[in-house]
Amino acid sequence: MRVTLADPLALIPGFEETRREQMARYPQTEPGWQPVHTVYVPADRFDATTITAWGGTALDMLRRYVRVKEVNRSSDTFSPISKALHERVTAKLDAEPVEDLRIDFEDGYGFRPGEEEDEHAVRAAEAVATMHVDGTLPRRWGLRVKSFADGDPGRSVRTLDVFLTGVVERAGQLPPGFVATFPKVLMRAYLGQFADCLKALEGGLGLEEGTLRFEMQVEAPRRSGSSTRTWSPGWAAGWPPRTSASSTTPRAAVCRRSSSGSTIPPATTPGTSCRRCSPEPGSSCPTARWPPLPSPTTGTPCRGCGSAT
5 MRVTLADPLA
15 LIPGFEETRR
25 EQMARYPQTE
35 PGWQPVHTVY
45 VPADRFDATT
55 ITAWGGTALD
65 MLRRYVRVKE
75 VNRSSDTFSP
85 ISKALHERVT
95 AKLDAEPVED
105 LRIDFEDGYG
115 FRPGEEEDEH
125 AVRAAEAVAT
135 MHVDGTLPRR
145 WGLRVKSFAD
155 GDPGRSVRTL
165 DVFLTGVVER
175 AGQLPPGFVA
185 TFPKVLMRAY
195 LGQFADCLKA
205 LEGGLGLEEG
215 TLRFEMQVEA
225 PRRSGSSTRT
235 WSPGWAAGWP
245 PRTSASSTTP
255 RAAVCRRSSS
265 GSTIPPATTP
275 GTSCRRCSPE
285 PGSSCPTARW
295 PPLPSPTTGT
305 PCRGCGSAT
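Be aware that the sequence shown starts at 5, since it is given in the working numbering, and climbs by one per residue.
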């Protein structure tokens, strides 16, 4: 068998040191409990009976469409398994229909006046406190705030503040299992900024450090390349993009703004903008990093997003 690289490890001289650092920072542990699903409920449609109601609906559908007689009529090979599975699913839906709950203030909720969102955050806190007392609060629960990428982090943090303050005041504590979902993470700095807000809330609410945990949601990964579209690292750092060893012609770059992953032709005039990137004729695409030209050429693909002007 022929290979091109005689000794691949010789190309990675720092691997062992990096591996030791990894094991020290992230020691291997036995995997803990993980929910089988996460249920998102729009904040304006959530109350203290939501989980019980959803469980009741699921049980009703199970009993209506999967009858015990039909389970028992299955083949001899699968009948014992089918019967046991039916019993376990029924018991699960009766005891714990939702393992992980997110009260949604983002896509499932939309943009609303501040007073209305405040009111829904207060009502959600009241519902969570009631569920905690009644024993119906899922073992993992929390809310999904609005993304910082939407441009209004103050609204996002205020909703979280109103909600958490209300829960702690009404329940006398923060019930275990809280997790916040931080969506549409487009910039790494947003993570540190959100973590600082959580730390401030911990101090203000008298919670131990590390109590408020969050999960990040990367919903719009930027395409890194394909057989026809190549990502040039120079695109992120600024002009010029990286060039190939045998040519000084810049590689085509994938737009960092467009969700379609448009290829930007190397021959396009630098600085040409379009209505998609900028409403001002002649201004440069915000993702392009070229100076603007006084008059963009009609029909020329934009170096920033790949669409025609």
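All C-beta atoms, glycine included, are put in the ideal place defined by N, C-alpha and C. If you're wondering where the values come from, they're calculated on a predicted model, not measured in any experiment.
Note on the stretch 160-233: whole alpha helix (DSSP H) runs with a minimum of 4 residues are 192-209, in chain order.
Counting C-beta pairs with one atom in each stretch, the stretch 189-206 and the stretch 117-125 have fewer than three that are closer than 8 Å, which means they do not touch. Per DSSP, the beta bridge partners of Leu105 are Val43 and Trp145.
Our two residues, Met5 and Pro12, have alpha carbons roughly 16 Å apart in a direct line.
At least 7 Å separates the beta-carbon of Ala52 from that of Leu97. Arg71 carries a coil assignment under DSSP once its states are collapsed to helix, strand and coil. Per DSSP, reduced to three states, the secondary structure at Ser151 is coil, with no helix or strand assignment. Shortest Cα-Cα distance from Phe152 to any of Ala133, Lys188, Glu173 and Ala175 involves Lys188. In the three-state reduction of the DSSP assignment, Met5 falls in the coil class.
For Gln38, the three-state secondary structure derived from DSSP is coil.
With a cutoff of 7 Å on beta-carbon distance, Ala129 and Gly170 are scored as near each other.
Here the stretch 137-146 lies against the stretch 99-114, with 3 or more beta-carbon pairs under 8 Å apart. Annotated three-state conformation of Pro84 is helix, per DSSP. Taking the Cβ atoms as the reference, Val137 lies roughly 21 Å from Val43, outside the contact range of under 8 Å.
With respect to the 7 Å criterion, Ala175 and Ala133 are classified as neighbours on the basis of their beta carbons.
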